[in-house]
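Following: one structure in structure tokens, then a few remarks.
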Amino acid sequence: ETGVTQSPTHLIKTRGQQVTLRCSSQSGHNTVSWYQQALGQGPQFIFQYYREEENGRGNFPPRFSGLQFPNYSSELNVNALELDDSALYLCASSPGGSHYTFGSGTRLTVV
Amino acid sequence: DQQVKQNSPSLSVQEGRISILNCDYTNSMFDYFLWYKKYPAEGPTFLISISSIKDKNEDGRFTVFLNKSAKHLSLHIVPSQPGDSAVYFCAARVFKAAGNKLTFGGGTRVLVKP
Chain A
1 ETGVTQSPTH
11 LIKTRGQQVT
21 LRCSSQSGHN
31 TVSWYQQALG
41 QGPQFIFQYY
51 REEENGRGNF
61 PPRFSGLQFP
71 NYSSELNVNA
81 LELDDSALYL
91 CASSPGGSHY
101 TFGSGTRLTV
111 V
Chain B
1 DQQVKQNSPS
11 LSVQEGRISI
21 LNCDYTNSMF
31 DYFLWYKKYP
41 AEGPTFLISI
51 SSIKDKNEDG
61 RFTVFLNKSA
71 KHLSLHIVPS
81 QPGDSAVYFC
91 AARVFKAAGN
101 KLTFGGGTRV
111 LVKP
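Residue numbers (my numbering), protein chains in the order written: chain A, 1 to 111; chain B, 1 to 114.
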């Protein structure tokens, strides 16, 4: 097992900019989910991909989008960044079962 | 609409004693519950889970209890160790054929004092 790796670990962006966060899942994990964790709160579900198709979405606007690739990597893209987008973004992968392995996250700061 | 709640933001316990973390939920469709532990600068790490058809699951020092009628679950850690100091999240899932999103509580920060 190689675990779930996220990059970058920290990022500072200006309001209005666009950002791409990356995640490399464990081999064989065909399900990947993205979560946003604001300071002092629990993670909030953004969306999930299964075999490169989005198959579940939380209460986030369309400027949050994603991609999943055949090599078990995925991306989270956020357009038109707002100050409230400042948070820890977590990627979690699963082989389709009940247990999710989380990465260490990307800390995004929007100024 | 907070479907999963952890009403105690923090808990302090002496080493060797029992830690009891509580979690309440409102969605009766939740069929699977999980506890995660999170250290600073790390992602959540899976601890223990329980299916809605069970009322107890045990793994070493960790035991999770589920009371479906009360829509309440708890995590018992005994004996507590200083390395258990972390933030603990309760999470719940509604099984769907096309996705199993987790709904998390706000977390409980546990401090185990030596």
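Glycine included, every Cβ here is placed at the ideal spot set by N, Cα and C.
Quick caveat, the model's predicted, so the values are computed rather than measured.
Tell me whether the beta-carbon of residue i lies closer than 8 Å to the beta-carbon of residue j.
i: residue 36 of chain B; j: residue 47 of chain B; result: yes
i: residue 93 of chain A; j: residue 7 of chain A; result: no
i: residue 3 of chain A; j: residue 101 of chain B; result: no
i: residue 112 of chain B; j: residue 15 of chain B; result: yes
i: residue 110 of chain A; j: residue 22 of chain A; result: no
i: residue 68 of chain B; j: residue 85 of chain B; result: no
i: residue 61 of chain B; j: residue 78 of chain B; result: yes
i: residue 105 of chain B; j: residue 4 of chain B; result: yes
i: residue 44 of chain B; j: residue 102 of chain A; result: yes
i: residue 80 of chain A; j: residue 38 of chain A; result: no
Can you list, in chain order, the residues of its chain with a C-beta nearer than 6 Å to that of residue i? Leave out the 5 residues immediately preceding and following it.
i: residue 50 of chain B; result: 33, 57, 64 and 66
i: residue 52 of chain A; result: 68
i: residue 54 of chain A; result: 47
i: residue 87 of chain B; result: 38, 107 and 109
i: residue 12 of chain A; result: 109
i: residue 103 of chain B; result: 3, 4 and 92
Keeping to the same chain, check which residues put their C-beta closer than 8 Å to that of residue i; ignore five residues upstream and five downstream.
i: residue 8 of chain B; result: 21, 22 and 108
Please list, in chain order, all residues of the same chain as residue i whose beta carbon is under 7 Å from its beta carbon, the five residues on each side excluded.
i: residue 59 of chain B; result: 48
i: residue 65 of chain A; result: 77
i: residue 1 of chain A; result: Its pLDDT being 49, under 50, residue 1 of chain A is placed unreliably by the model, and nothing is read from it.
What distance in whole Å lies between the Cβ atoms of residue j and residue i, which are believed to be in contact at a cut-off of 8 Å?
i: residue 82 of chain A; j: residue 20 of chain A; result: Contact doesn't hold; Cβ gap of about 16 Å is too wide.
i: residue 100 of chain A; j: residue 33 of chain A; result: 7 Å
i: residue 72 of chain B; j: residue 18 of chain B; result: Not really, about 17 Å apart at Cβ, beyond 8 Å.
Under 8 Å, Cβ to Cβ, is there at least one residue of chain C near residue i?
i: residue 90 of chain A; result: This model lacks chain C altogether; the protein chains it does include are A and B.
Exercise. May I ask you to list, following chain order, the residues of the segment 21 to 48 of chain A that have a beta carbon less than 9 Å from some beta carbon of chain B?
Key: Listed by position along the chain: 31, 33, 35, 37, 40, 41, 42, 43, 44, 45, 47 and 48.
query: What residues in the segment 41 to 60 of chain B bring their beta carbon closer than 9 Å to a beta carbon of chain A?
result: Only those residues of the segment 41 to 60 of chain B whose C-beta falls short of 9 Å from the nearest C-beta of chain A are listed: 41, 42, 43, 44, 45, 46, 49 and 51.
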